[in-house]
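Working notes, beginning with the structure itself.
2 protein chains.
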Amino acid sequence: MDYLQMESYLKAIGDHNRMLILKYLMTESLCICEFTELIDMTQPAISQHMRKLKQAELVTEEKRGRWTIWSLNIRHPLYPMLIHLLSLLPEPERTVASLVAEGKKVVCE
Amino acid sequence: MDYLQMESYLKAIGDHNRMLILKYLMTESLCICEFTELIDMTQPAISQHMRKLKQAELVTEEKRGRWTIWSLNIRHPLYPMLIHLLSLLPEPERTVASLVAEGKKVVCE
DNA sequence: ACATTATATAAGTGTTTGCTTATAAGTTCA
DNA sequence: TGAACTTATAAGCAAACACTTATATAATGT
């Protein structure tokens, strides 16, 4: 990994909202509409963050009907470091469990 | 460490020139004028990068006569991760040894 | 005192970033 | 077919970023 690749990687992680997204993905895969419930951000903003994370190969996407399910890319060479880094961050206020409780968790048949 | 602190930290590292600076500091402490010999950058540019690194507490400075000697801050909680990260990067073309060979290495009495 | 050396800061500039609103594209289901 | 829903993209904008040149500040040595 050269200096510019590392720069792209660190810049992709180095945003508090993207870290929050990654923190959620540490627990389970999620789609954009779920993030809009979990994080105080508009749908296009989240979509653009996901594109950034995808370009840096930090996440992978899977189309499922009208949803796009996003997951952490466990095959990235720096995946273990990412996990360590995310584990240092506090749990977000809004939990995925609360989504389920409100019936807002997406279940792709 | 909260999300905004982590963001500041990652943004401070996330620049290829600053990574190069940090890589050099991994071997030994250096002053600005030595960096101008090692890296293709102007003195003010380096000075401004050092200020950024200092604000993120990644480095420490020590005034020695007309020089300011910069070192890695080994007391930073993420210092071990920084070292791991830097170790993944290739050695810079220009070495400190070559500075010595050219008599450009600063020796503070 | 004065020239030299090392560093920091200021002001200006082009680029990138992270958002916004508006809209397009694709899927599902009545 | 058409309405509802999910996602992606486009255009615009303010702020941050990484540099530049010019200059200020401070220490050293004659």
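The listed protein sequences derive, respectively, from chains A and B.
Going by UniProt numbering, the final residue of the first sequence carries number 109, and the count climbs one at a time with no gaps.
Going by UniProt numbering, the final residue of the second sequence carries number 109, and the count climbs one at a time with no gaps.
Where a beta carbon is used, it is the ideal one built from N, C-alpha and C, also for glycine.
None of these values were measured; they are calculated from a predicted model.
Pick from the options that is closest to residue i, judged by C-alpha positions
i       : options                                : result
B/Tyr9  : B/Asn73, B/Thr42, B/Val106 and B/Phe35 : B/Asn73
B/Asp40 : B/Gly14, B/Glu93, B/Gly65 and B/Ile83  : B/Glu93
B/Trp17 : B/Met6, B/Thr27 and B/Leu53            : Note on identity: in this sequence residue 17 of chain B is Asn, with Trp being the wrong assignment. Minimum Cα distance to B/Asn17 is reached at B/Leu53.
Cross-chain neighbours of residue i in chain B, by beta carbon under 8 Å
i                      : result
A/Asp2                 : Leu89 and Pro90
residue 112 of chain A : With chain A represented from 1 up to 109, any question about residue 112 of chain A goes unanswered, as that position is not in the structure.
A/Leu72                : Ordered by position in chain B, no residue passes the 8 Å Cβ test against A/Leu72, which lies about 17 Å from the chain.
Cross-chain neighbours of residue i in chain A, by beta carbon under 7 Å
i       : result
B/Asp15 : Glu7
B/Glu25 : With the sequence shown as reference, residue 25 of chain B is identified as Leu, and Glu is not the correct amino acid for it. By Cβ distance, chain A contributes nothing, its closest Cβ being about 15 Å from B/Leu25, past 7 Å.
Three-state class that DSSP yields for residue i in the structure shown
i       : result
A/Leu22 : helix
A/Thr68 : strand
B/Glu7  : helix
A/Val96 : helix
B/Thr27 : helix
A/Lys52 : helix
Residue j beta carbon less than 7 Å from that of residue i
i        : j       : result
B/Ile46  : B/Ile32 : yes
A/Leu88  : B/Met81 : no
B/Leu86  : B/Lys23 : yes
A/Ser71  : A/Ser29 : yes
B/Glu57  : B/His76 : yes
B/Gly14  : A/Glu7  : yes
A/Met19  : B/Tyr3  : yes
A/Val106 : A/Glu34 : yes
Chain A contact residues for residue i, given Cβ-Cβ distances below 9 Å
i       : result
B/Leu10 : Leu10, Lys11, Ile13, Gly14, Asp15, Met19 and Leu85
Worksheet item: According to a CB-to-CB cut-off of less than 8 Å, which residues of the segment 18–49 of chain B neighbour chain A?
Response: Taking 8 Å as the cut-off between beta carbons, the residues of the segment 18–49 of chain B near chain A are Met19 and Leu20, in sequence order.
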